[in-house]
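Peer 1: One structure, as structure tokens, below. Some questions next.
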Amino acid sequence: MKYPVEGIRSRFPALAPGAVFFDGPGGTQVPQAVIDAVAAYYREANANEHGQFAFSRRSDAIIAAGRAAMADLLNARSEAEIIFGANMTTLTLHLARIIGRDLQPGDEIVVTRLDHDANIAPWLHLQEQGVLIRWLEFDPADCTLMLEDLEGMITERTRLVAVGGASNAFGTVNDLPRILAAARRAGALTFVDAVHFAPHRPVDVQQLGCDFLACSPYKFYGPHSGVLYGRREVLERLQPYKVRPSAAAIPDCFETGTKSHEAIAGVAAAIDFLAALGQELGTGCESYPAGRRRLLKQALAAISDHESLLFSRLLAGLQEIPGVRIYGITDPGRLHERTPTACFTLAGMTPAEVAQRLGEEGIHVWDGDYYAWEAMRFLGLSERGGAVRAGLSLYNNEAEVERFLSTLLRIR
Ligand SMILES: Cc1ncc(COP(=O)(O)O)c(C=O)c1O
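Residue numbers (numbering that gives the first Met the number 0): 0 to 411.
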């Protein structure tokens with residue numbers, strides 16, 4: 000079946016005619032179903048957890064449904080492995096502090112220069128207690144990790160390897176199987192930042208064999224919130240910082256204070272929106288929630304194909320504009336190694352000027368370092384205002400790509 004982009008767009012009220020949203024890497028728009036689920040939570044279930052009255056029971060059911068939906072999206076073995084939080088950054092800072100309780104001076108953590116700072120700074124804080132940080136660098140020519148250095152970097156003192164699934168700046172999809180296998184051989188824990196990966200590719204934590212994986216539903220058509228997957232055996236071993244009266248069992252013991260229940264209602268709706276898309280695009284014989292995992296895989300495969308097709312046009316068009324410099328993989332034969340997120344500069348204008356001019360024309364793109372702080376400094380871009388980022392999402396279409404390219408050419 001042909002990818003029904005116009006039908007998909009019509010389900011997103013914010014996608015008013017005239018606006019081009021190319022800031023998916025910063026946060027996607029939400030379908031009406033997500034808006035409805037959040038509103039319905041306030042109308043029908045607004046209460047704290049584990050009370051003896053109807054609204055509280057409904058809240059419990061909504062949170063359980065949110066965990067089940069996330070477990071399907073990530074292929075977790077159990078809902079007990081799904082931890083909700085305010086956002087990925089808060090969850091990662093919290094987890095790093097907990098993991099730090101078991102670390103000794105001289106223990107080592109591997110981080111990458113390519114990652115968002117939310118998967119670097121939380122681990123750097125552990126240097127205060129004598130932990131050593133090893134940096135996996137990237138090749139500035141195509142913004143891919145220098146994996147040939149990885150094996151030598153992981154030693155018997157390596158306690159954790161923290162790596163991104165995909166770069167939110169350059170779109171590079173990292174070779175997670177290879178990186179995680181090297182970490183496992185050394186007996187190190189593994190933490191994957193899948194915030195930029197999850198909107199574009201299916202995630203399978205069991206196949207990856209990672210210990211932790213974090214993502215942010217607001218990057219895949221849901222509300223602002225964060226989710227942390229933790230492998231049950233590891234979660235049960237750790238000692239989370241918590242207040243004493245709160246639940247002692249996983250996953251609740253990792254969730255500090257009251258959660259955003261309305262956001263969790265929206266997370267489940269976003270995942271069901273994707274599953275319904277999978278049903279529409281696939282053979283149609285699956286039902287959910289029973290077959291939801293398969294439907295999600297179908298949806299993500301179709302989304303990825305659609306986005307890649309559009310992106311190859313966007314990339315080719317960008318390359319034709321004089322003065323544009325693109326950072327990341329540009330080889331058309333290697334587009335499967337990247338997400339549909341372009342990072343570029345335009346000679347003679349600052350990234351902020353380019354983004355502002357595009358914004359005046361209704362084209363929403365980001366500029367700056369997008370918290371890929373180390374990477375932008377390494378490339379010498381920080382002092383020049385970073386770069387412009389244009390990222391595609393499931394609702395973008397060909398006309399928008401053409402409009403973006405012609406507007407950029409005019410601006411130049
Ligand atoms: C790759 C990546 N990691 C982490 C984050 C931080 O996520 P959050 O905003 O949920 O803290 C972002 C946000 O842009 C991101 O793109």
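By construction, the Cβ of each residue, glycine as well, lies at the ideal position given by its N, Cα and C atoms. Bear in mind the structure is a predicted one, so any value in this text is a computation, not a measurement.
Roughly how many whole angstroms lie between the Cα atoms of Arg66 and Thr171?
Peer 2: In a straight line, the C-alpha of Arg66 is about 29 Å away from that of Thr171.
Peer 1: Using only the heavy atoms of ligand 1, determine whether one of them is closer than 8 Å to the beta carbon of Lys218.
Peer 2: Result yes, Cβ under 8 Å from ligand 1.
Peer 1: Would you check if the segment 35 to 52 and the segment 195 to 209 touch, i.e. whether three or more CB-CB distances between them fall below 8 Å?
Peer 2: Segments in contact, no.
Peer 1: Pick out the complete alpha helix (DSSP H) segments inside the segment 87 to 115, 4 residues or longer, and give them in chain order.
Peer 2: The qualifying runs are 87 to 99.
Peer 1: Does DSSP put Ala213 in a helix, in a strand, or in coil?
Peer 2: Strand.
Peer 1: Could you give the DSSP three-state label for Ala39: helix, strand or coil?
Peer 2: Helix.
Peer 1: With a CB to CB cut of under 6 Å and the five nearest residues on each side skipped, what residues in its chain are close to Glu136?
Peer 2: So the list reads Arg112 and Met145, once near-sequence residues are dropped.
Peer 1: Extract the residue ranges of the alpha helix (DSSP H) inside the segment 162 to 229, only unbroken runs of 4 or more that lie entirely within it.
Peer 2: You should have 175 to 184 and 204 to 207.
Peer 1: Please confirm whether Asp174 and Ala371 have their CB atoms less than 9 Å apart.
Peer 2: Contact flag unset, no.
Peer 1: Tell me, please, which residues DSSP counts as bridged to Ala389.
Peer 2: Ala389 pairs with Ala341.
Peer 1: Use the C-beta contact count for Ala389: other C-beta atoms within 10 angstroms, 16 or more gives buried, fewer gives exposed.
Peer 2: Buried.
Peer 1: Taking DSSP as the reference, what is the three-state secondary structure of His363?
Peer 2: The answer is strand: DSSP assigns His363 an E or B state.
Peer 1: Tell me which residues share the same chain as Leu227 and place their Cβ nearer than 6 Å to its Cβ, disregarding the 5 neighbours each side in the sequence.
Peer 2: Ile82, Leu90 and Ala213, listed in sequence order.
Peer 1: Could you check if Ala386 belongs to the surroundings of ligand 1, using beta carbon to heavy atom distance under 8 Å?
Peer 2: Answer for Ala386: no, Cβ out of range of ligand 1.
Peer 1: Considering only heavy atoms of ligand 1 and the C-beta of each residue, which residues fall inside 5 Å, strictly closer?
Peer 2: Answer in sequence order: Asn86, Met87, Thr88, His115, Ala117, Asn167, Asp192, Val194, His195, Ser215 and Gly225.
Peer 1: Which one or two residues does DSSP pair with Arg324 in a beta bridge?
Peer 2: BP columns for Arg324 point to Thr344.
Peer 1: Which class does Thr143 belong to by DSSP, given the choice of helix, strand or coil?
Peer 2: Note: Thr143 maps to strand in three-state DSSP.
Peer 1: Among residues of its own chain, excluding the 5 on either side of Glu383, which ones have a beta-carbon nearer than 8 Å to its beta-carbon?
Peer 2: A quick correction: the sequence has Arg, not Glu, at residue 383. Once the five neighbours on either side are set aside, the close Cβ partners of Arg383 are Thr344, Thr349 and Pro350.
Peer 1: From this set, Ser303, Ile320, Ala341 and Val323, which residue's C-alpha is nearest His335's C-alpha?
Peer 2: The shortest C-alpha separation from His335 is found at Ser303.
Peer 1: Go ahead and pull the three-state DSSP assignment for Phe310.
Peer 2: It is helical.
Peer 1: Cutting at 8 Å between CB atoms, please list the residues of its own chain near Val202, excluding the five before and the five after it.
Peer 2: Same-chain partners within the cutoff: Leu72, Leu73, Asn74, Gly164, Ala193, Phe196, Leu212 and Cys214.
Peer 1: Looking only at its chain, what residues have a beta carbon closer than 7 Å to the beta carbon of Gly17, apart from the 5 residues adjacent to it on each side?
Peer 2: Same-chain partners within the cutoff: Gly361.
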